[in-house]
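In what follows, a single structure is set out as structure tokens and then discussed.
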Amino acid sequence: MQMSDTHDMTALVLFSGGQDSTTCLAWALDRFARIETIGFDYGQRHAIELDCRARLLDGLAQLRPEWAGKLGDGHTLEIPTLSAISETALTRDVAIEMGADGLPNTFVPGRNLVFLTFAAALAYRRGISHIVGGMCETDYSGYPDCRDETIKALQGALSLGMARPFELHTPLMWLSKAATWQLAYDLGGRDLVDLIRDQSHTCYLGERGARHDWGYGCGACPACDLRARGWHEYIAGSAQS
Ligand code: ZN
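Following my numbering, the numbering of the sequence shown begins with 238 at its first residue and continues without gaps.
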């Protein structure tokens, strides 16, 4: 999508406290005049990620004075209905495994559709037309609601349904996990990479006990596995260049 000039505009960033959404937040801080964030408490087992947001916001504000001035309201929406109707390993205490449909049971059906719809409803009220999310279809778990085609269709549906020309920005859509670390480096140097590594949360089980070279997590769940592989690929690539 051809990006319109957004330097005097406000964006609403889906910010969970994870690696991807924190990188998206830095990306948006670099491009928009003002930023609001929205996070969702949907009964996820790893709700600890939401607690990471304050430290990440503090860190981002300290990293660049101009970013501090852009950070506006942060919103947290509670949508327990999502876990009440979902039978998944993210919302129930069951083992993470592959389902017969080829999707891991960490897939929460409709999650990103619901998130983006609530985000658009909030954006509507606040007069914001740019929404930024960390959906990615390159190194991902196969979730169909992370696909570019889904996001584009939803952008059309939300714009039609609210009679507002929303733009859904997904800066990570075509990036590998290693390239996402590189994007963080390009946006905020080593300090931003360190901040995201130490303070963002990815682990599906909500583990923050053990510190690995790629950050905190159980080290064994698919989210930790993706994060660790991306990190090692990033480090290997940056060592060569
Ligand atoms: Zn984990």
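Idealized CB from N, CA, C, for every residue including glycine.
The model shown is predicted, which means the values in this text are computed figures rather than measured ones.
- Does the pairing of the segment 308-320 with the segment 336-356 give three or more beta-carbon distances under 8 Å? yes
- Within 7 Å of the ligand FAD: residues by beta-carbon to any heavy atom: This structure simply doesn't include the ligand FAD; it includes the ligand ZN instead.
- Taking contact to mean at least 3 C-beta pairs separated by less than 8 Å, is the segment 379-393 in contact with the segment 421-432? no
- Coil, strand or helix - Ile275 by DSSP: strand
- Just how far apart, CA to CA, sit Gly474 and Ser413? Distance between Gly474 and Ser413, taken at the CA atoms: about 12 Å.
- Message: Output needed for Arg268: all residues of its chain with C-beta closer than 6 Å, excluding positions within five of it in sequence on either side, in chain order.
- Response: Thr243
- Task: Give the DSSP-derived three-state secondary structure of Leu409 in the structure shown.
- Result: Coil.
- Message: Please state the DSSP three-state secondary structure of Glu303.
- Response: helix
- Message: Since Gln299 and Ile433 should fall inside the 8 Å C-beta cutoff, what is the C-beta to C-beta distance between them, to a whole number of angstroms?
- Response: So it is not a contact: roughly 14 Å between Cβ atoms.
- Task: Compute the Euclidean distance between the alpha carbons of Ala415 and Lys307, then round it to the nearest angstrom.
- Result: Straight-line Cα distance between these residues: approximately 27 Å.
- Query: Of all the options Glu286, Pro402, Gly276, Thr274, which has the alpha carbon lying nearest to the alpha carbon of Glu444?
  - Reply: Glu286
- Message: Among Glu374, Gln436, Arg448, His367, whose alpha-carbon lies nearest the alpha-carbon of Asp245?
- Response: Selected option, being the one with the closest Cα: His367.
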